[in-house]
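Report on the following structure.
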Amino acid sequence: MKQGGTKLKGKRAPNKTAAPAESLTANPANSGEYERAESAAQFIFSSTPLRPKIALVLGSGLGPFADEFKQASKIPYARIPHFPQSTAIGHAGQLVVGKVGDIAVAGMQGRVHLYEGYSAKEVSFPIRVFARMGVKAVILTNAAGGIKFVQGRLVVIRDHINLQGVNPLTGFNDERFGPRFPDMSSAYDKRFREMAVGQGNRLGIGIDEGVYAALTGPGYETPAEIRYLRTIGADLVGMSTVPEVIAARHSDMRVLGISCVTNAAAGILDQPLNHREVLETAARVKGDFIALLKALLPKIEESIAPTAKN
Ligand code: HPA
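Counting in numbering that gives the first Met the number 0, the sequence shown runs from 0 upward without gaps.
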């Protein structure tokens with residue numbers, strides 16, 4: 000999706016000739032993000048009778064979870080108006096709306112990343128669509144390099160450090176999504192984090208909490224960068240999630256982030272990093288990850304029910 004709402008053809012990433020910055024700030028009528036999100040939401044609603052209040056973004060290797068949804072409507076991103084299209088290996092590129100038990104959910108099989116050439120607004124557009132669909136809770140999953148954690152661990156994200164140099168909220172602020180200066184002091188819902196740790200322990204899956212640093216990639220970090228990240232308080236490093244969290248919090252959706260540590264971050268072990276290892280570890284941990292998500296969904300649903308306190 001480009002600035003004027005032009006649809007992408009095929010799986011090609013957009014070129015970076017976005018509209019000049021002043022067109023975003025000076026002329027609110029030119030933004031149109033809200034209307035684009037609304038038309039995508041209406042399209043999704045026309046494809047399924049379900050009205051999910053929980054959405055999941057399934058990162059590297061976790062997409063198969065959505066294949067288990069019952070009463071599923073599978074909607075390729077290419078068919079959803081204005082939706083960006085995934086080019087990364089391991090990301091199928093469809094939205095699956097269905098049921099896990101009796102809970103309606105929307106699951107993204109794959110996401111797009113800044114490193115594919117998309118802007119932060121494009122990366123977070125699906126979250127805007129969830130906001131227009133009335134989604135109340137977003138579960139974001141990803142693969143990450145472990146700074147403090149070893150390969151194979153599942154880690155609940157407690158907080159993040161945005162080192163991507165961009166923010167999806169720059170430019171014109173549409174108050175219908177949220178305020179100009181949204182609070183980020185509790186971006187990752189405390190109650191959700193407690194639930195995730197609790198359910199992880201109950202299932203016998205060791206689960207930790209940590210701070211996720213987001214860089215753009217696509218090159219992995221250097222050992223010196225990892226030492227720097229450790230010094231500034233990062234426990235995990237990855238190339239996604241943060242723009243989506245910012246957009247979700249802007250619209251007051253509650254967020255749970257979970258990373259699968261697919262590899263030790265650069266320089267920790269005396270070996271090079273590669274994407275194959277990332278996918279292999281994600282595939283190995285998938286069973287535990289899915290079990291955790293299944294255990295969490297009823298708790299999250301209860302927590303977002305209109306009568307619940309939190
Ligand atoms: N660095 C950045 N992103 C990642 C890594 C990593 O080591 N592993 C999986 N995603």
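All residues carry an ideal CB built from backbone N, CA and C; glycine is no exception.
DSSP state of residue i mapped onto helix, strand, coil
{"i": "Ile79", "result": "coil"}
{"i": "His159", "result": "strand"}
{"i": "Leu291", "result": "helix"}
{"i": "Ile102", "result": "strand"}
{"i": "Thr253", "result": "Here residue 253 turns out to be Arg, not Thr, going by the sequence shown. In the structure shown, Arg253 sits in a strand (DSSP, three-state: E or B)."}
{"i": "Ala25", "result": "Residue placement at Ala25 cannot be trusted, given a pLDDT of 48 that sits under 50; the coordinates are not used to answer."}
{"i": "Ile299", "result": "helix"}
{"i": "Gly97", "result": "strand"}
{"i": "Ala65", "result": "helix"}
{"i": "Ala136", "result": "strand"}
{"i": "Ala20", "result": "Residue placement at Ala20 is poorly supported in this model, since its pLDDT is 46, which falls under 50; the coordinates still yield a value, given next. Ala20 falls in the helix class under three-state DSSP."}
{"i": "Phe171", "result": "coil"}
{"i": "Asn273", "result": "coil"}
{"i": "Leu113", "result": "helix"}
{"i": "Leu49", "result": "coil"}
C-beta atoms of residue i and residue j nearer than 8 Å
{"i": "Phe129", "j": "His249", "result": "no"}
{"i": "Ile146", "j": "Ile257", "result": "no"}
{"i": "Val96", "j": "Ile43", "result": "yes"}
{"i": "Pro242", "j": "Val56", "result": "no"}
{"i": "Ala36", "j": "Arg110", "result": "no"}
{"i": "Tyr187", "j": "Leu94", "result": "no"}
{"i": "Ala65", "j": "Met252", "result": "no"}
{"i": "Ala246", "j": "Val149", "result": "no"}
DSSP bridge partner residues for residue i (one or two, in chain order)
{"i": "Asn141", "result": "Ser258"}
{"i": "Tyr211", "result": "His159, Leu235"}
{"i": "Lys73", "result": "Val95"}
{"i": "Gln108", "result": "Leu57, Gln93"}
{"i": "Ile206", "result": "Leu153"}
{"i": "Ala263", "result": "Gly145"}
Beta-carbon proximity list for residue i, same chain, < 6 Å, skipping 5 on both sides
{"i": "Ala281", "result": "Ser59, Gly60, Ala142, Cys259, Thr261"}
{"i": "Met132", "result": "Ala40"}
{"i": "Lys298", "result": "Met194"}
Own chain partners of residue i with C-beta closer than 8 Å, once the 5 adjacent residues on each side are dropped
{"i": "Pro305", "result": "none"}
{"i": "Ser30", "result": "Leu23, Gly170, Phe171, Asp173"}
{"i": "Leu202", "result": "Asp287, Ala290, Leu291, Ala294"}
Cβ-based neighbour list, residue i, same chain, cut-off 7 Å, excluding 5 preceding and 5 following
{"i": "Thr24", "result": "Per-residue confidence for Thr24 stands at a pLDDT of 46, beneath the threshold of 50, marking its modelled position as unreliable; the derived number appears in the next sentence. Only Gly170, Phe171 meet the Cβ criterion."}
Cβ separation of residue i and residue j, assumed to be a contact under 8 Å, to the nearest whole Å
{"i": "Asp287", "j": "Ile204", "result": "5 Å"}
{"i": "Thr240", "j": "Tyr219", "result": "No, Thr240 and Tyr219 are not in contact; Cβ-Cβ is about 16 Å, not under 8 Å."}
{"i": "Pro75", "j": "Gly92", "result": "6 Å"}
Residue-level contact to chain B via CB, residue i, 8 Å cutoff
{"i": "Ala142", "result": "Judged by its chain identifiers, the structure shown contains no chain B, having just a single protein chain."}
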